[in-house]
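Student: So the sequence lines, in the order shown, correspond to chains A and B. By the numbering used here, the letter at position 339 of the first sequence is numbered 341, and the numbering carries on one by one without gaps. By the numbering used here, the letter at position 34 of the second sequence is numbered 36, and the numbering carries on one by one without gaps. C-beta atoms are modelled at their ideal positions from N, C-alpha and C, and glycine is treated no differently. The model shown is predicted, which means the values in this text are computed figures rather than measured ones.
There are 2 protein chains.
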Amino acid sequence: MAKLKEFKSDSAMGLRGIKAVNTALCSLSVESMKLCYLGYPLEQLARYSTFEEVSYLLINGELPTRDELSNWTQQLIDDRTLPEMVKGGLERMSGSTDPMSVLRTAVSLLGNEEPEQKIDGKAAAVRLLGILPAMLGYLNSQKKRDRIDSDEKTLAGYLLHTVRGIRPTGMERDMMNCSLILYAEHELAASTFAARVCASTLSDLHSCILCGIGTLAGPLHGGANEAALELLCRFSDPEEARSGVLRMLENKERVMGFGHAVYKESDPRSPIIREWAHKLCTEKKDMRLFEIAEAIEHVMWNERRLFSNLDYYTAVAYSVSGIPKSLFTPIFVVSRCAGWCAHVLEQRADNKLVRPIANYVGTEEREYIPIEKR
Amino acid sequence: MAKLKEFKSDSAMGLRGIKAVNTALCSLSVESMKLCYLGYPLEQLARYSTFEEVSYLLINGELPTRDELSNWTQQLIDDRTLPEMVKGGLERMSGSTDPMSVLRTAVSLLGNEEPEQKIDGKAAAVRLLGILPAMLGYLNSQKKRDRIDSDEKTLAGYLLHTVRGIRPTGMERDMMNCSLILYAEHELAASTFAARVCASTLSDLHSCILCGIGTLAGPLHGGANEAALELLCRFSDPEEARSGVLRMLENKERVMGFGHAVYKESDPRSPIIREWAHKLCTEKKDMRLFEIAEAIEHVMWNERRLFSNLDYYTAVAYSVSGIPKSLFTPIFVVSRCAGWCAHVLEQRADNKLVRPIANYVGTEEREYIPIEKR
């Protein structure tokens, strides 16, 4: 990479502010801090709706009627069944394999077994939404050597039951339902954009979703909630957290869970999950993690004017609900899969190949030199 | 997708002409029809170099010395070995599974077995370049039930030997070497761009390459050489081809293998592979496919001023070399993997998260409606 030193970072701005595609799925107003899915304010969906409704809304464009919702919910339950080929694949993977890599491979295997030619795009999307929690449960139960055959009706409840092996409380189920809604869609996040670039070559849905999973796996994207918990667990009380984070800032260390590539002043999703984290900690009579989180939040605001993002209090809510840290990002996949599928279908409906150009910063043209003269 | 009908296609231009990232790997001048890898004109590389040299150049930034080339070549040979887990995965896949899906799953399995934390990015890249032809060979030999343990030293020769089961002639080997060079890199093609978006979240190399494979699988990208052969095989002689394509144009059917998202007047790679296709057909004393291709090329130029692209005569050269059509796109993967890996390493060296925004074209903000009122 001889030429890399000469790069000008400021001429590669990561397409910040560039309108790459059209969407009717999500509006994100940075000025008014307003986030809507198909026109519905996210805070209303988070308060009154379910992940089943929201995934229906994203993929079909309108909220379901009672019958439509009941069919959709039943389809998601039916789609929990794992094909033998996928089960076998999951069983053969070593227990030490990163869960995101496992999920990636399992989705690829599903694409081999049930290619999209056999089922249409929308059916393949529901199948993915239904099967992803079952994949996670199967993976996790293998480690624990006991399998949960959960009769939980909601995707949120089933997910919690199957990955923890313990039936969720009502409050846990409601928190997870809300969390899945908050993570379901976020306009052109890097993973969604990658899925749309893939869709723009008219590739199959499974390949598009694999782009989403692979891109989400990066620590600058989906890994943020895991990193936030790692931060919180470094400290045993709020006072230690305060001084510890001040020291980190002095040493210019990165503090995870703060700021956002698009939002500049606050993350509209953050207060919603913060409330759930507070409720759960109160119910469980264990406020320690929440208080540590609050302490760090104050330091970051006072010292850097940086706000907590969605990932930050999600880490508290998931942790206090007994979800293993290694499953935080895979659960993000379960939820965002709804947004990815909706974007893929939207891209196909009015497609133009996504093909930007590069800014050339390399050497001038030069003559080939035969090997004996090098 | 209620709102799709209202989309304005012209406001989603697929980022055409937008400079998305910096690169020192490839310069592509549309005006002068000049394509260079790291400053070296592609026609010189195609004439004097080898895929081993070119992949070294892309990944390391300079042409290798004799010692460096010899080590690199040996590494590519050593890296042909398939881990048992990957072999098992390939064996369990049904013979009817699409080879691109097989390759996608096999690369995902490789990422599970040999995650990048264990080996650095550059080593993981060489491993991929070495193992991809072996994956294709293993897949193909399964169908034929006999396995080739090839001692071909060059990647081009090994690839041909292992996928066909027949040792290549010198001319076939040279054509494949040239074809792999021509396909190795092409600036921000959709697949490369998807791989860079993935890399920009600092995800692992295997996930990035999976984005490349998944995106290349689409018929608007990697599938073009297969589609070109399908076109040529519709006709039994040049005269039939001429009238057939004229009829297709009248019916506004898409004729594959012509035009390009970036080039407007010609594809600088096309005459190079055309020459090889001509040489091979001459050697094999079977000019039929070449003459059909020429006849269609004339019609497309006279009627539409459309030029043949790289994929067009590649279809002739591969077909006359006895390569099954279903492996055309997977061979594209073997070659372009060099470019993808180089772009991923380049993205990491000066990273900025790729996160554009969308142009919102959906409904105005609206109130959530409880289900009983819908």
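Strictly below 9 Å CB to CB, what residues from chain B border R68/A?
Tutor: Correct list: I373, E374 and R376.
Student: Cβ closer than 8 Å: which chain A residues qualify as neighbours of T75/B?
Tutor: Ordered by position in chain A, no residue passes the 8 Å Cβ test against T75/B, which lies about 12 Å from the chain.
Student: Would you please verify whether the beta carbon of N114/B is less than 7 Å from any beta carbon of chain A?
Tutor: So yes, N114/B belongs to the interface.
Student: Where does K10/B sit, in a helix, a strand or coil, going by DSSP?
Tutor: Low confidence applies to K10/B: its pLDDT is 44, below 50, so where it sits in the model is not reliable, and the reading given next is rough at best. Of the three classes helix, strand and coil, the one that applies to K10/B here is coil, per DSSP.
Student: Taking the alpha-carbon of L234/B as reference, which of K327/B, R307/B and N142/B has the nearest alpha-carbon?
Tutor: Answer by Cα proximity: K327/B.
Student: Rounded to the nearest angstrom, what separates G167/B and L84/B at their Cα positions?
Tutor: For G167/B and L84/B, the distance between alpha carbons rounds to 18 Å.
Student: Could you name the residues of chain A that Y50/B contacts, counting a contact when the two beta carbons are closer than 9 Å?
Tutor: Y370 and P372, listed in chain order.
Student: Quick one: which chain A residues come within Cβ less than 9 Å of D397/B?
Tutor: The question about residue 397/B has no answer here: the residues shown for chain B are numbered 3 through 376.
Student: Buried or exposed: where does I371/B fall if 16 or more other Cβ atoms within 10 Å of its Cβ makes it buried?
Tutor: Counting Cβ neighbours within 10 Å, I371/B comes out exposed, since fewer than 16 surround it.
Student: Given a limit of 9 Å on CB to CB distance, which residues of the segment 169-193 of chain A reach chain B?
Tutor: Residues passing the 9 Å Cβ filter: E189, L190, A191, A192 and S193.
Student: What residues in the segment 13-29 of chain A bring their beta carbon closer than 8 Å to a beta carbon of chain B?
Tutor: Listed by position, the residues of the segment 13-29 of chain A near chain B (Cβ gap below 8 Å) are S13, A14, M15, G16, L17, R18, G19, I20, K21, A22, V23, N24, T25, A26, L27, C28 and S29.
Student: T107/B bridges to which residues according to DSSP?
Tutor: For T107/B, which the question treats as bridged, DSSP gives no partner whatsoever.
Student: Strictly below 8 Å CB to CB, what residues from chain B border V335/A?
Tutor: By Cβ distance, chain B contributes nothing, its closest Cβ being about 12 Å from V335/A, past 8 Å.
Student: Within 10 angstroms of the Cβ of D288/B, are there 16 or more other Cβ atoms? Answer buried if so, exposed if not.
Tutor: So D288/B counts as exposed.
Student: In whole angstroms, what is the alpha-carbon distance linking V335/B and M177/B?
Tutor: Each residue's Cα considered, the two are about 17 Å apart.
Student: Tell me where the alpha helix (DSSP H) around N24/B begins and ends.
Tutor: From DSSP, N24/B is part of no alpha helix (DSSP H) but of the beta strand (DSSP E) over K21 to T25.
Student: Quick check on this structure: which residue in F195/B, C180/B and E93/B has the alpha carbon closest to the alpha carbon of T25/B?
Tutor: T25/B has its Cα closest to that of F195/B, out of F195/B, C180/B and E93/B.
Student: What residues are listed by DSSP as bridge partners for Y42/A?
Tutor: BP columns for Y42/A point to Y39/A.
Student: Could you tell me the distance, in whole angstroms, from the CA atom of Y34/B to the CA atom of N361/A?
Tutor: Checking the displayed sequence, the identity of residue 34/B turns out to be Ser instead of Tyr. Distance between the alpha carbons of S34/B and N361/A: 17 Å.
Student: What first and last residue would you give for the beta strand (DSSP E) that runs through C28/B?
Tutor: Here the beta strand (DSSP E) through C28/B covers C28 to S31.
Student: Between the Cα of M102/B and the Cα atoms of T99/A, G113/A and L105/A, which residue gives the shortest distance?
Tutor: The shortest Cα separation from M102/B among T99/A, G113/A and L105/A belongs to G113/A.
Student: If S57/B sits next to L131/B, beta carbons under 8 Å apart, how far is it from one beta carbon to the other, in whole angstroms?
Tutor: Indeed, because the Cβ distance is near 6 Å, the residues count as touching under 8 Å.
Student: Using a C-beta to C-beta distance shorter than 7 Å, which residues of chain B count as neighbours of Y362/A?
Tutor: Here the neighbours are T25 and S29.
Student: Does the segment 235-246 of chain B come into contact with the segment 245-259 of chain A, if we say contact requires no fewer than three beta-carbon pairs (one atom in each stretch) closer than 8 Å?
Tutor: No, the segment 235-246 of chain B does not touch the segment 245-259 of chain A.
Student: Taking 7 Å as the CB-CB cut-off, is H262/A touching chain B?
Tutor: No, no contact with chain B.
Student: Helix or strand or just coil, what does DSSP make of F260/A?
Tutor: Note: F260/A maps to strand in three-state DSSP.
Student: Mind pulling the chain A residues with CB within less than 7 Å of Y42/B?
Tutor: Result: R368 and Y370.
Student: From A48/B, G97/B and R129/B, pick the residue whose C-alpha is nearest to that of Q77/B; which is it?
Tutor: It is R129/B.
Student: The beta strand (DSSP E) that contains A319/B, what's its start and end?
Tutor: Note, A319/B: premise wrong, no beta strand (DSSP E); alpha helix (DSSP H) at L312 to V322.
Student: Using a threshold of 7 Å, state whether the C-beta atoms of R338/A and Y160/A are closer than that.
Tutor: It is not a contact, given that the beta carbons lie outside the stated cut-off.
Student: To which residues does DSSP link I359/A through a beta bridge?
Tutor: Bridge partners of I359/A: K21/B.
Student: Could you name the residues of the same chain whose beta carbon sits closer than 6 Å to that of K124/B, not counting the 5 residues immediately before and after it, in chain order?
Tutor: Around K124/B: no qualifying Cβ.
Student: Rounded to whole angstroms, what is the Cα-Cα separation between T99/B and E115/A?
Tutor: Cα to Cα, the separation comes out at about 8 Å.
Student: Tell me, please, whether the CB atom of K7/B is closer than 7 Å to any CB atom in chain A?
Tutor: Legend: pLDDT at K7/B = 39, less than 50; position of this residue unreliable, no value from coordinates given.
Student: So, helix, strand or coil for Q119/A, using DSSP?
Tutor: Coil.
Student: Pick out the complete beta strand (DSSP E) segments inside the segment 208-236 of chain A, 3 residues or longer, and give them in chain order.
Tutor: Counting only runs of 3 or more, we get nothing.
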